[in-house]
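J.:
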């Protein structure tokens, strides 16, 4: 029987992880992730969860420990934030190249410097090209449900890629809500028999050394490297369908149907659309509703799966609007606008007609993006639809 | 008329930023010891650089009025070495906690000791990660069960930072107690004056997550011998030590690190250039 509890997002993630029965968890505490891994330690101490937990000396070791465990055939889990992810980067980059199907929660936090321990999505956005699958959750229930889904995707034989399940620091990590905990038997049958690492586990029939040296000016070395790179792209491509199937399967078993790639909110007859990602989407939907009450035809596209980027779905969803406002909680330095905005622009290029779009950046360093902020973004996007161009991003919390 | 500026007092080395530390935290005493030591040395504020990592105690540079940098977690010593090599004329202090210095930064600790750059490193040791709300550190006893992350204890032997420093090659080693800030101030003065890498462990109670450390005041005891000058003798003493002996424990005579390559000009060199 599923159970209804009132918990914060970190505990929801811990439940999602525990129900997925990882064999090995490695951790190093960091704000705002710390309580998540403490919940896991409690589950293990209480006998609710049968996993090894290793409290190591830094995040570089966290992911290295998980590499060893995953290569030995274990289902693995960890969680980190911002600077922890930065310190993890060397093994982080190797993980998808090795096709290790682990799940790591990112409790999103703005990245230093200037020093800050508050929420923001700069951490995840900075590693978007590395080859990890990225899913972003809107609320506590979605966090709990997405982690088992992430294992199903990661371990699918055609995917075999690591997954980051993102939830916003502060707003989701410490925010409390009602969560229906899935029944263990439901999660068990959803995930099926554990077969984490069929391609490189310790198999006495097939002993092998993983990741020897490749590359070089000529010959098979660079060709081998290219084969691996193309393989990773194939895994990413295959993941789009697998993510859709996994969400549908989860919906059939639990009755909770999350939009797997993007969610379209009041888009049927929308003339102007907002694009959002993560926990901000709730306030944005309220702002859309208010605009609708004023007779303006607003809609919203929420991005759940950011990697692989659902190019076709995003382009099609936005193909009929007259203007688009993309709201980011991070900065793409160099383009000096929001990173999700850049992604949306790239997807829109596939449309036969140009749809004007503009970038909004808000919620940095823990700032709240309120319904009023979204209403301002909607007003500005309506002016874009009327022909008032915007080349620079609008910084939503600049004058708070 | 030649007006002489009055000498700086320890308050002149304090900033007006209010520490975030909990009431009763040992780190207040360490801050006080640092500013007293700097006043005793009488060095101008602009000739001192104070580098830290991340954690409760690593906030300390912001509370002083000298050059300061709140660096990357665990990397205070690497940053401090860079500062010292670029500006050998500066007095370089590094500080942080047992987590920053021995866990995530443990690798740098070992190599800073063996490199023996002329600087002073203060570890405020409370045997806990305070900033992330109470997890075991490398100096925590293996059977400490109050952490939510290791509710059955870590089961791992703790590190004695002074033994580690000695084995790795630190040239000056002292252990103080936050309950005796005058003594800590004296160790800091001696550490700064001693050439090479000076390491000072300060037992600095965390009253929030380790309230039992209030008892440290009845456990610490002064060293009953003058500082060892020979490494073997210091090793022998530290091997038998309970971790609560306070005093200067080792004074070595290794020559400080000198970078190979072109010498970096000191401030005095630059001034002479302008005079000629």
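Chains as they are written, first to last, in the working numbering: chain A, 615 to 1014; chain B, 561 to 836. We put the beta carbon where it would ideally sit given N, CA and C, even for glycine.
1) For residue 1009/A, is the classification buried or exposed, using 16 other Cβ atoms within 10 angstroms of its Cβ as the cut-off for buried?
2) Against chain B, does residue 990/A count as a neighbour if the rule is that its beta carbon must be under 8 Å from one of theirs?
3) State yes or no: is the beta carbon of residue 697/A nearer than 8 Å to at least one beta carbon in chain B?
4) What does a CB cutoff of less than 8 Å around residue 612/B pick up in its chain, not counting 5 residues either side in sequence?
5) Give the DSSP bridge partners of residue 612/B, in chain order.
6) Consider the Cβ of residue 692/A: report whether some Cβ of chain C lies at a distance smaller than 8 Å.
7) Where does residue 695/B sit, in a helix, a strand or coil, going by DSSP?
8) With burial defined as no fewer than 16 other Cβ atoms inside 10 Å of the residue's Cβ, what is the status of residue 987/A: buried or exposed?
9) Residue range of the beta strand (DSSP E) that residue 895/A falls in?
10) Rounded to a whole number of angstroms, what is the C-alpha to C-alpha distance between residue 792/B and residue 771/B?
11) Any Cβ of chain A within less than 8 Å of the Cβ of residue 655/B?
12) Should residue 724/B be flagged as near chain A, meaning a C-beta pair shorter than 8 Å?
13) Report the neighbours of residue 636/A on chain B: residues whose CB is nearer than 8 Å to its CB, in chain order.
14) Going along chain A in order, which residues have a C-beta closer than 8 Å to the C-beta of residue 793/B?
15) How far does the beta strand (DSSP E) with residue 733/B in it reach, from first residue to last?
16) Which of helix, strand or coil does DSSP assign to residue 588/B?
17) Measure how close the beta-carbons of residue 718/A and residue 694/A come, nearest whole angstrom, since I'm counting them as under 8 Å.
18) Considering just the uninterrupted stretch of the beta strand (DSSP E) at residue 914/A, what are its terminal residues?
19) Using 10 angstroms around the beta-carbon of residue 963/A, count the other beta-carbons present and answer buried if the total reaches 16, otherwise exposed.
20) Using Cβ-Cβ distances below 7 Å, what residues of the stretch 648 to 674 of chain B are close to chain A?
21) Do you know offhand how far residue 959/A's Cα is from residue 893/A's?
22) For the 8 Å Cβ check, are there 3 or more pairs between the stretch 765 to 784 of chain B and the stretch 575 to 592 of chain B?
23) How many angstroms separate the CA atom of residue 753/A from the CA atom of residue 713/A?
24) Going by other Cβ atoms of all chains shown within 10 Å of its Cβ, with 16 needed for buried, is residue 720/B buried or exposed?
25) Quick one: is residue 763/B near chain A, going by C-beta distance under 8 Å?
26) Spatial neighbours of residue 688/A within its chain, please: C-beta separation below 6 Å, excluding the five flanking residues on both sides.
27) Hey, residue 887/A and residue 935/A: beta-carbon distance below 8 Å or not?
28) What does the alpha-carbon distance come out to for the pair residue 592/B and residue 743/A?
29) Return yes when the Cβ of residue 747/A is within less than 8 Å of the Cβ of residue 861/A, no when it is not.
30) Grouping DSSP H, G and I as helix and E and B as strand, with all else coil, what is residue 710/A?
31) What residues of chain B sit near residue 659/A, judged by a beta carbon separation below 7 Å?
32) With a Cβ-Cβ cutoff of 8 Å, do residue 650/A and residue 721/A count as a contact?
33) Is residue 613/B close to chain A? Criterion is C-beta to C-beta, closer than 8 Å.
34) Measure the CB-CB distance between residue 737/A and residue 864/A and report whether it falls below 8 Å.
35) Taking the alpha-carbon positions, what's the residue 707/B to residue 625/A distance?
36) Rounded to whole angstroms, what's the CA-CA distance from residue 1052/A to residue 653/A? Just pull it up for me.
T.: Looking at the coordinates:
1) By the C-beta density criterion, residue 1009/A is exposed, having fewer than 16 other C-beta atoms within 10 angstroms.
2) When Cβ-Cβ separations below 8 Å define contact, residue 990/A makes no contact with chain B.
3) True, the Cβ-Cβ gap to chain B drops below 8 Å.
4) Closer than 8 Å at Cβ, skipping near neighbours: 618, 619, 620, 621, 628, 629, 630, 631, 636, 654, 655, 656 and 660.
5) Answer is 630/B and 655/B, bridged to residue 612/B.
6) Checking the listed chains, one finds no chain C in this structure; the protein chains it contains are A and B.
7) Reduced to three states, the DSSP call for residue 695/B is strand.
8) Burial check for residue 987/A: the Cβ neighbour count within 10 Å reaches 16 or more, so the residue is buried.
9) Per DSSP, residue 895/A belongs to no beta strand (DSSP E); it is in the alpha helix (DSSP H), 895 to 907.
10) Straight-line Cα distance between these residues: approximately 36 Å.
11) It does not: the Cβ of residue 655/B has no partner Cβ on chain A nearer than 8 Å.
12) Taking 8 Å as the CB threshold, residue 724/B stays off the interface with chain A.
13) Listed along chain B is no residue with a C-beta nearer than 8 Å to that of residue 636/A; the closest approach is about 16 Å.
14) In chain order: nothing, as chain A lies at least about 31 Å away.
15) Here the beta strand (DSSP E) through residue 733/B covers 732 to 737.
16) Three-state DSSP puts residue 588/B in a helix.
17) Yes, residue 718/A and residue 694/A are in contact; Cβ-Cβ is about 7 Å, under 8 Å.
18) First-last of the beta strand (DSSP E) with residue 914/A: 912 to 917.
19) Counting the other Cβ atoms within 10 Å of the Cβ of residue 963/A gives fewer than 16, which makes it exposed.
20) Hits within the stretch, in order: 663, 664 and 666.
21) Straight-line Cα distance between these residues: approximately 22 Å.
22) At 8 Å Cβ cutoff, the stretches touch.
23) One alpha carbon belongs to residue 753/A, the other to residue 713/A, and they sit about 29 Å apart.
24) Taking a 10 Å sphere around the C-beta of residue 720/B, we find 16 or more other C-beta atoms and assign the residue as buried.
25) Output row for residue 763/B: interface = no.
26) Closer than 6 Å at Cβ, skipping near neighbours: 637 and 638.
27) A Cβ-Cβ contact shorter than 8 Å links residue 887/A with residue 935/A.
28) Put simply, the backbone Cα of residue 592/B is about 48 Å away from that of residue 743/A.
29) It is not a contact, given that the beta carbons lie outside the stated cut-off.
30) Three-state result, residue 710/A: helix.
31) Within 7 Å Cβ-Cβ: 711 and 712.
32) Yes; because the gap between Cβ atoms is below 8 Å, this pair is in contact.
33) Chain A, which has no Cβ nearer than 8 Å to the Cβ of residue 613/B, makes this no.
34) No. Outside cutoff.
35) Each residue's CA atom was taken as its position, placing residue 707/B and residue 625/A some 17 Å apart.
36) Outside the modelled stretch of chain A, which goes from 615 to 1014, sits residue 1052/A, for which no answer is possible.
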